[in-house]
Amino acid sequence: MRAIPVSVPVTAGLLAASALGWAVVVGQASGMDSAPGTMGLTWIGFIALWTLMMGAMMMPALTPLAVLYAGDGRGWPSRAAGLTGGYLLTWALFGVLALTITVGAERIADDAGDASRWAAAAVVIAAGVYQLTPLKDHCLMVCRSPLHLLMHVGRYQGRHERAFMGVAATGKEVDFVVMHVDRVHDGRIVEHRGIGDINTMWAQLGVAPPPAR
């Protein structure tokens, strides 16, 4: 009998958990108050519902990464469960942080009066400045591609001082991205691949790429 691929139970499990989570969230939302903060719930109840909602919403998007992370060797259930658990824990901690900031801001607004308006304006300005920082670009790169958890992305930087791939030294600086991907089976790296943005390097050197052999 042909074995069932690991991708099947991992995908089915996460999608089923997502559907169950949505069912619970919808059922709870029908009896919630429309109010700021915890929306009528206790802190613990709010964080639990927040985590459940984020899990229900994000688990389908987590599925491709979970399949790759689980792999096809022994111990795949624990790896898939560990990744999912860590993912939910991260959202839970973020919920605690967001709720703490919200409650704190409400108290400052009640006690500080006009000063709270200036504080709110400073937060908005800081958020606008953040949009222009390299940190924002780095965060977007990682968030848009969670596969960074399974690969390494780096940069090659230096000066072209010697002949390289048939091209004489130009003395020009190069700076391009490289990516390394490892395939793991039973806890061991069984395959490695490296990919570099070689076209960018040739453009920086100002020469045409040598003909493929």
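Taking our numbering as reference, the numbering of the sequence shown is continuous, increasing by one, and the terminal residue is 1080.
All residues carry an ideal CB built from backbone N, CA and C; glycine is no exception.
Reference residue i, options the options, closest by Cα
{"i": "Met-924", "options": "Trp-910, Leu-955, Gly-907 and Val-934", "result": "Leu-955"}
{"i": "Gly-1021", "options": "Leu-960, Asp-981, Arg-1029 and Val-1045", "result": "Val-1045"}
{"i": "Gln-1069", "options": "Lys-1039, Tyr-936 and Leu-916", "result": "Checking the displayed sequence, the identity of residue 1069 turns out to be Trp instead of Gln. That would be Lys-1039, whose Cα lies nearest to the Cα of Trp-1069."}
{"i": "Tyr-853", "options": "Ile-871, Ala-1030 and His-1047", "result": "What is shown of the chain runs 868 to 1080, which leaves residue 853 out entirely."}
{"i": "Val-873", "options": "Gly-894, Tyr-997 and Thr-930", "result": "Thr-930"}
{"i": "Ile-1062", "options": "His-1019, Leu-908, Ile-968 and Ile-911", "result": "His-1019"}
{"i": "Pro-876", "options": "Leu-887, Ala-915, Val-934 and Gln-895", "result": "Val-934"}
{"i": "Ala-915", "options": "Val-891, Tyr-936 and Phe-1043", "result": "Val-891"}
{"i": "Gly-953", "options": "Thr-918, Val-1034 and Glu-973", "result": "Thr-918"}
{"i": "Ala-1036", "options": "Phe-1043, Met-1008 and Glu-1028", "result": "Glu-1028"}
{"i": "Trp-1157", "options": "Gly-922, Cys-1010 and Gly-907", "result": "Since the first residue of the chain shown is 868 and the last is 1080, residue 1157 is not available in this structure."}
Endpoints, alpha helix (DSSP H) assigned at residue i
{"i": "Leu-960", "result": "943 to 979"}
{"i": "Gly-995", "result": "982 to 997"}
{"i": "Pro-876", "result": "874 to 896"}
{"i": "Ala-1035", "result": "Careful: Ala-1035 lies outside any alpha helix (DSSP H) and carries neither H nor E."}
{"i": "Ile-914", "result": "910 to 937"}
Residues that DSSP places opposite residue i in a beta bridge
{"i": "Val-1074", "result": "DSSP output for Val-1074 lists no bridge partner at all."}
9 Å Cβ cutoff, residue i in contact with chain B
{"i": "Gly-940", "result": "Absent from the structure: chain B. Only one protein chain is present."}
- Query: Pairing CB atoms from the stretch 981 to 998 with CB atoms from the stretch 929 to 949, are three or more of them under 8 Å?
  - Reply: Judged by Cβ distances under 8 Å, the stretch 981 to 998 makes no contact with the stretch 929 to 949, as fewer than three pairs qualify.
- Task: Could you tell me whether the stretch 926 to 941 touches the stretch 877 to 895, where touching means 3 or more Cβ pairs closer than 8 Å?
- Result: Taking a cut-off of 8 Å for Cβ pairs, the stretch 926 to 941 and the stretch 877 to 895 touch, as three or more such pairs fall below it.
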